[in-house]
Each structure stands twice: as structure tokens, then as C-alpha cells.
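Structure record follows, encoded as C-alpha cells.
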Amino acid sequence: MAEPKTVRTEQGVDEFLAAVADPKRRDDAVAALALIRDATGAEPTMWGTAIVGFGVYHYRYATGTEGDWPAVGLSPRKQALTLYISAGFDAYPGLLERLGPHRTGKSCLYLKRLADVDQEVLRELVKAGYEHLNGKTVISERV
Numbered sequence: 128m129a130e131p132k133t134v135r136t137e138q139g140v141d142e143f144l145a146a147v148a149d150p151k152r153r154d155d156a157v158a159a160l161a162l163i164r165d166a167t168g169a170e171p172t173m174w175g176t177a178i179v180g181f182g183v184y185h186y187r188y189a190t191g192t193e194g195d196w197p198a199v200g201l202s203p204r205k206q207a208l209t210l211y212i213s214a215g216f217d218a219y220p221g222l223l224e225r226l227g228p229h230r231t232g233k234s235c236l237y238l239k240r241l242a243d244v245d246q247e248v249l250r251e252l253v254k255a256g257y258e259h260l261n262g263k264t265v266i267s268e269r270v
């Protein structure tokens with residue numbers, strides 16, 4: 128069985144964020160880091176080369192593939208500030224409606240500007256997603 132490509136690393140979170148080229152994206156990432164740290168009570172760690180993660184959960188697929196992944200994470204991507212809410216968004220439609228301008232993927236929340244969204248709603252969403260998965264094992268039928 129292949130090892131997961133994205134795993135927890137010893138890379139420094141502050142150094143990673145300081146190296147973000149776009150100053151607005153960097154400022155948003157630093158502010159999001161503080162918001163997530165406050166909402167979760169967890170300290171950030173690097174996952175791979177570009178994801179700042181908070182907490183961890185273990186996943187296991189029907190294929191036998193398994194690994195660890197952050198319960199919540201963020202990455203200052205070129206196109207958007209990306210927040211990873213590993214629990215997904217199905218349980219939080221009311222929060223998404225109140226959040227402000229955003230796009231979502233299965234478990235990704237894409238924000239153009241952090242200041243454009245409701246910070247308290249974002250904090251609620253992050254906290255709910257974190258509490259849903261942190262420290263748990265998820266067994267999926269996914270193949």
C-alpha cells in the first residue's frame with residue numbers, strides 16, 4: 128500500500144506564511160491562522176509543503192488505504208485562501224448562507240478576501256468542523 132503524499136512535517140508554520148509572495152494573501156493567511164487557532168484551541172502544524180493543519184483524524188477506506196489528515200487546515204493558494212474543513216459542509220448550510228462570498232468543493236472553502244466574509248460565522252464553521260472530526264477515526268465505504 129502506498130504511503131500518503133501529504134503528511135505532517137517539521138516545517139515551520141511562521142516561516143511558511145512569511146514566504147507567501149502576495150502580501151494581501153499572506154495577511155489573510157496570518158489572520159485566518161489566528162482565527163482558526165482561537166476557534167479550535169489547537170496549535171498549527173505543517174502538512175506537506177503548503178497546508179497548515181489543526182488537529183488530526185484518521186481515515187480508512189474500503190480499499191485498505193488509510194492515513195491521517197488535519198481536521199481543519201488552510202493554504203494561501205494563488206487563486207484563493209483555501210480552508211479545509213475535512214468534515215465537509217452538508218451539516219452546515221445555514222452557516223454557509225450567512226458566511227458571505229465564497230466557493231466550496233467537497234471539503235474546501237475558497238475565499239478571495241478574508242475581510243469579505245463574516246468572521247464570526249467563519250469561526251463557528253471552523254469550530255464545528257474541528258469538533259466533528261478531531262481525534263476520531265473515519266471509516267469510509269469509498270473505493
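Residue numbering for the sequence shown follows our numbering, beginning at 128 and increasing consecutively. Using N, Cα and C, we set each Cβ at its ideal position, and we do this for glycine too.
Residue range of the unbroken beta strand (DSSP E) whose run includes Lys152: The residue asked about is misnamed: residue 152 is Arg in this sequence, not Lys. Element bounds for Arg152: not the beta strand (DSSP E) but the alpha helix (DSSP H), Pro150 to Thr167.
So what's Val199 in DSSP terms, helix, strand or just coil? strand
When DSSP labels each residue in this structure, what does Val270 get in the three-state scheme? Note on Val270: pLDDT 48, under 50, position unreliable in the model; no value is reported.
Phe143: first and last residue of the uninterrupted alpha helix (DSSP H) it sits in: Here the alpha helix (DSSP H) through Phe143 covers Val140 to Ala145.
Who are the near neighbours of Ala169 in its chain, counting only those whose CB is closer than 6 Å to its CB and skipping five residues on each side? Phe181 and Gly182
How big is the Cα-Cα spacing for Arg225 and Gly194? Distance between the alpha carbons of Arg225 and Gly194 is about 33 Å.
Run through the DSSP bridge pairs and tell me what Leu252 is partnered with. Paired residues: none, contrary to the question.
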